[in-house]
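Engineer: Read in order, the letters of the sequence shown correspond to residues 6 to 229 in this note's numbering. Where is the CB? At the ideal position from N, CA and C, for every residue including glycine.
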Amino acid sequence: YMPILNVCNLCKTYQAGEAEVKALDNVSFTVEKGEFVSIIGPSGSGKSTLLHILAGIDRPTSGKVYVDGEDIYAKSEKELAYYRRRKAGLIYQFYNLVLTLTVEENITLPCRLDKKKTDKETLDRLLDTLEMKERRSHLPSQLSGGQQRRVAFAGVLAMRPTTLVLDEPVAGLDPASRTDFLDLIKQLHEQRNLTVVMVSHNMNDIALLADRMLVMHEGEVAFV
Ligand code: ADP
Ligand code: MG
Numbered sequence: 006y007m008p009i010l011n012v013c014n015l016c017k018t019y020q021a022g023e024a025e026v027k028a029l030d031n032v033s034f035t036v037e038k039g040e041f042v043s044i045i046g047p048s049g050s051g052k053s054t055l056l057h058i059l060a061g062i063d064r065p066t067s068g069k070v071y072v073d074g075e076d077i078y079a080k081s082e083k084e085l086a087y088y089r090r091r092k093a094g095l096i097y098q099f100y101n102l103v104l105t106l107t108v109e110e111n112i113t114l115p116c117r118l119d120k121k122k123t124d125k126e127t128l129d130r131l132l133d134t135l136e137m138k139e140r141r142s143h144l145p146s147q148l149s150g151g152q153q154r155r156v157a158f159a160g161v162l163a164m165r166p167t168t169l170v171l172d173e174p175v176a177g178l179d180p181a182s183r184t185d186f187l188d189l190i191k192q193l194h195e196q197r198n199l200t201v202v203m204v205s206h207n208m209n210d211i212a213l214l215a216d217r218m219l220v221m222h223e224g225e226v227a228f229v
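Set out below in structure tokens:
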């Protein structure tokens, strides 16, 4: 038996001029496959730093991250890049779409950058799940904020990640889009048995979605 995610004594120190900022201070926890874990904590407590390290985009100063038993930061750069792009689906609160590409082209872009084809069936299913079928040929400027975010999300899903790493995914959305987007995350988690780690500020969202909550405070996990 093995947890999908095993974080051991993770530390991350940033140099800010003369001073050192301890963004993560000896963080340890595990996540089971298919579990939905929420992270809550005040601004500056290290939430985004933790997510970046889980997603393979920032190296820890010390400590280990095991994914499916593998120490991801012991991998070669090439293997780490593969993990980052294909396994860890990182979604930011801010999202980038290419304004001159259609919905469909934006969704298939991450795969194409990775020399992977998105077959028509997968694309159709994604457009269907995201209720974007009628808008496949639209440009981002023709979409609402909530729809734009769903397109960015679809691009990540097309890569078939095993884990979703979500940094305040509904921040800044209007109430209706928020609800839609949270429903979508819940649906994906349940239907695809995805493991989800989500930073949120909203206790209602956490209560609705998460199996478990980690509370961060000054770089430490204060409560599991
Ligand atoms: P949160 O997401 O909980 O608001 P962050 O993980 O973004 O917190 O930041 C944790 C701490 O690390 C903060 O003090 C922040 O200023 C600092 N920090 C984050 N990223 C960097 C960086 N690239 N360089 C220097 N300091 C950083
Ligand atoms: Mg943050």
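1. If we ignore side chains and look at the alpha-carbon of each, how far apart do Ile-45 and Lys-92 end up?
2. Mind listing, in chain order, the continuous alpha helix (DSSP H) runs of no fewer than 4 residues lying wholly within the segment 64-107?
3. List the whole-angstrom C-beta distance separating Leu-56 from Val-32, where the pair is believed to meet the contact cut-off of C-beta under 8 angstroms.
4. My guess is that Gly-61 and Tyr-88 are in contact by the Cβ rule of under 8 angstroms, so how many angstroms apart are they, rounded?
5. Tell me which residues share the same chain as Asp-216 and place their Cβ nearer than 6 angstroms to its Cβ, disregarding the 5 neighbours each side in the sequence.
6. Drop a sphere of 10 angstroms on the beta-carbon of Phe-158, count the other beta-carbons inside from all chains shown, and report buried for 16 or more, exposed for fewer.
7. What does Tyr-19 pair with, by DSSP beta-bridge criteria?
8. Report yes or no: do three or more beta-carbon pairs, one from the segment 23-31 and one from the segment 180-195, lie closer than 8 angstroms?
9. Excluding the 5 residues flanking Phe-228 on each side, which residues of the same chain have their C-beta closer than 6 angstroms to its C-beta?
10. What span of residues does the beta strand (DSSP E) with Asp-172 cover, start to end?
Structural biologist: Result, derived from the coordinates:
1. Those two C-alpha atoms are separated by around 23 angstroms.
2. Listed in chain order, they are 82-87.
3. About 12 angstroms; that fails the 8 angstroms criterion.
4. Rounded to whole angstroms, the Cβ separation of Gly-61 and Tyr-88 is 5 angstroms, and the two are in contact under 8 angstroms.
5. Contacts found: Glu-40 and Phe-41.
6. Phe-158 comes out buried.
7. Partner residues in the beta bridge of Tyr-19, as assigned by DSSP, are Val-26.
8. Segments in contact, no.
9. Hits under 6 angstroms: Val-220.
10. Unbroken beta strand (DSSP E) run through Asp-172: 168-172.
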